[in-house]
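Enquirer: Got a structure for you, written out below as structure tokens; questions coming shortly.
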């Protein structure tokens with residue numbers, strides 16, 4: 032049973048931790064869809080190519096690839112920036128196999144707006160690391176995707192975010208709890224700035240570390256809510272996998 036609370040203009044919720052729970056949240060007059068995942072009880076994966084090496088690119092293609100395993104997506108969203116051929120711009124690991132190395136240096140675009148970060152999925156937990164911390168700690172991730180910029184770093188907004196920015200897009204990202212058991216994915220339902228989006232993770236979702244996935248092409252899949260955003264082919268996709276009844 033889901034309960035919602037309205038405090039200081041933001042909508043909060045509490046729910047059983049045994050399932051992927053998606054809710055609408057309003058913060059500072061901007062609307063978001065939030066999906067919370069229990070990293071201990073749910074199966075989180077990253078997807079890029081099928082068994083033949085072709086880019087999956089769409090939520091429907093991921094479901095088709097999972098079907099022979101008796102699996103399906105419960106939730107998914109695009110998970111990091113990619114080149115024209117849909118290959119990852121930064122670090123990418125799938126099933127413990129590194130497909131793209133870590134990019135630690137600054138560069139053009141949002142990805143190069145340091146500090147950027149890595150979303151790492153391990154057994155029973157998932158974490159957002161700032162990239163240099165990730166390199167230093169060298170965690171053994173079963174799945175990992177690098178993107179940028181970081182939205183929240185140890186409880187603080189990215190230092191380059193401007194409260195009066197005019198750059199607004201539909202944006203999506205992920206935040207994690209300090210113990211790695213709580214993973215919160217968010218996509219904006221309005222055009223938002225980096226400052227507004229980061230503030231959601233810091234002030235409402237209370238995740239000490241959060242990472243921007245992408246903007247403008249942001250899309251989400253939620254089986255329970257009958258949502259499956261469509262558009263051009265995507266690069267990396269993160270999803271929660273469940274058994275097909």
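In the numbering used here, the protein residues as written are 32 to 276. Cβ atoms here follow ideal geometry from the backbone N, Cα and C, with glycine treated the same way. On a predicted model such as this, the values are computed, not experimentally measured, just so you know.
Where does residue 126 sit, in a helix, a strand or coil, going by DSSP?
Expert: Of the three classes helix, strand and coil, the one that applies to residue 126 here is coil, per DSSP.
Enquirer: Would you call the segment 62-72 and the segment 212-229 touching, i.e. three or more CB-CB distances under 8 Å?
Expert: Cβ pair count under 8 Å is three or more, so yes.
Enquirer: Mind listing, in chain order, the continuous alpha helix (DSSP H) runs of no fewer than 4 residues lying wholly within the segment 204-230?
Expert: Note on the segment 204-230: whole alpha helix (DSSP H) runs with a minimum of 4 residues are 225-230, in chain order.
Enquirer: Which term fits residue 125, buried or exposed, when burial requires 16 or more other beta carbons within 10 angstroms of its beta carbon?
Expert: Of the residues assessed, residue 125 falls on the buried side of the cut-off, its CB having 16 or more other CB atoms within 10 angstroms.
Enquirer: Following the continuous alpha helix (DSSP H) through residue 167, name the residue where it begins and the one where it ends.
Expert: Counting along the chain, the alpha helix (DSSP H) containing residue 167 begins and ends at 162-168.
Enquirer: Go to residue 93, then tell me how far its alpha helix (DSSP H) extends in each direction, as first and last residue.
Expert: 90-97
Enquirer: Could you say which of 105, 67 and 230 lies nearest to residue 259 if we only look at CA atoms?
Expert: 105
Enquirer: Would you call the CB atoms of residue 157 and residue 214 closer than 8 Å?
Expert: yes
Enquirer: Going by alpha carbons, who is nearest to residue 264 out of 93, 59, 211 and 191?
Expert: Ranking 93, 59, 211 and 191 by Cα distance to residue 264 puts 93 first.
Enquirer: Would you check if the segment 167-184 and the segment 135-154 touch, i.e. whether three or more CB-CB distances between them fall below 8 Å?
Expert: yes
Enquirer: Using only the alpha-carbon positions, how far apart do residue 202 and residue 142 sit?
Expert: Taken atom to atom, the span from the alpha-carbon of residue 202 to that of residue 142 is near 14 Å.
Enquirer: If contacts are defined as beta-carbon pairs under 8 Å, then residue 110 and residue 75 qualify, I think. What distance do you get, rounded to the angstrom?
Expert: Actually they are not in contact, since the Cβ atoms of residue 110 and residue 75 sit about 10 Å apart, beyond 8 Å.
Enquirer: Rounding to the nearest angstrom, what Cα-Cα distance links residue 209 and residue 238 in this structure?
Expert: 8 Å
Enquirer: For the beta strand (DSSP E) containing residue 76, list its first residue and its last residue.
Expert: 74-78
Enquirer: Using a Cβ-Cβ cutoff of less than 6 Å, which residues in the same chain neighbour residue 218 once the five nearest sequence positions on both sides are dropped?
Expert: 64, 203, 249 and 251
Enquirer: Excluding sequence positions up to five away, which residues of its chain have a Cβ less than 6 Å from the Cβ of residue 67?
Expert: 52 and 215
Enquirer: By the three-class DSSP mapping on this structure, what secondary structure does residue 177 have?
Expert: Strand.
Enquirer: When the Cα of residue 173 is compared with those of 189, 151 and 122, which residue comes out closest?
Expert: 151
Enquirer: Determine the direct distance from the alpha carbon of residue 97 to that of residue 103, and round the result to whole angstroms.
Expert: 6 Å
Enquirer: Kindly indicate which three-state DSSP category residue 233 falls into: helix, strand or coil?
Expert: helix
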